[in-house]
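Structure first, then comments.
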Amino acid sequence: MEKVSFHFRKLNLQRIVACKQELKHILVR
């Protein structure tokens, strides 16, 4: 179970990072 939660957290982190990068792109425009 812990492994699953860890993997899920990793995916969440990647999604947050991607969102931040997209926001930066929008702000730069």
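Numbering that gives the first Met the number 0 numbers the first residue of the sequence shown as 0 and each following residue consecutively. All C-beta atoms in this analysis are idealised placements derived from N, C-alpha and C, irrespective of residue type, glycine included.
Suppose you measure from the CA of residue i to the CA of residue j; what does that come to, to the nearest Å?
i: R14; j: E1; result: 20 Å
i: V3; j: I25; result: 33 Å
i: Q10; j: K19; result: Here the sequence assigns Leu to residue 10, which means Gln is not the residue at that position. Their backbone Cα atoms lie some 14 Å apart in a straight line.
i: L22; j: R8; result: 21 Å
With H, G and I counted as helix, E and B as strand and the rest as coil, what does DSSP make of residue i?
i: R8; result: helix
i: R28; result: coil
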